[in-house]
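Novice:
Numbering (the numbering used here), first residue to last: 5 to 119.
(1) So what does residue 81 bridge to, in DSSP terms?
(2) With distances taken Cα to Cα, identify the nearest neighbour of residue 52 among 88, 81, 104 and 114.
(3) For residue 105, does the count of other Cβ atoms within 10 angstroms reach 16, so buried, or fall short, so exposed?
(4) Compute the Euclidean distance between the alpha carbons of residue 10 and residue 22, then round it to the nearest angstrom.
(5) Identify whether residue 101 lies in helix, strand or coil by the three-state DSSP scheme.
(6) I need the boundaries of the beta strand (DSSP E) containing residue 15, first residue and last residue.
(7) Between which two residues does the beta strand (DSSP E) harbouring residue 48 extend?
(8) Leaving out five residues before and five after residue 112 in sequence, what residues of the same chain have Cβ atoms less than 7 Å from its Cβ?
The structure is reproduced here in structure tokens:
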């Protein structure tokens with residue numbers, strides 16, 4: 005099983021970014037994006053189930069969209085109105101379908117928002 009995240013980079017405050025994650029090797033239930041800023045704990049950004057139902061952390065609510073293509077096993081995250089506090093390494097996460105519901109992580113992609 006492999007998750008590969010890409011799409012990070014440096015963007016100015018107020019800009020937008022789209023992150024993508026390619027998953028392979030299994031079928032996945034819930035998929036999610038997490039982030040970890042320097043010196044802080046990893047936190048959930050958004051998650052989506054196989055039926056497309058999503059929920060978001062309060063800090064991206066209203067300016068972010070998570071989506072997935074279950075046929076291609078891809079996951080995306082669009083974030084608009086980026087703020088310097090959005091600077092972090094973003095990780096894709098996927099829970100494997102079926103027992104024991106193993107959770108896998110991608111390698112992370114760095115997003116830097118310049119002020």
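Every residue gets a Cβ at the ideal spot worked out from N, C-alpha and C, and that includes glycine. Since we're looking at a predicted model, the values are computed, not measured.
Specialist: On the basis of the data shown:
(1) Under DSSP, residue 81 takes part in a beta bridge, and its partners are 23 and 70.
(2) Among 88, 81, 104 and 114, the Cα nearest to that of residue 52 belongs to 81.
(3) Residue 105 should be labelled exposed.
(4) Approximately 9 Å, taken between the alpha carbons.
(5) Here residue 101 sits in coil by DSSP.
(6) Residue range 13-16 is occupied by the beta strand (DSSP E) that includes residue 15.
(7) From DSSP, the beta strand (DSSP E) with residue 48 extends over 47-52.
(8) Cβ-Cβ distances below 7 Å link residue 112 to 9, 93, 94 and 95 in the same chain, with the five nearest sequence neighbours on each side left out; the list follows chain order.
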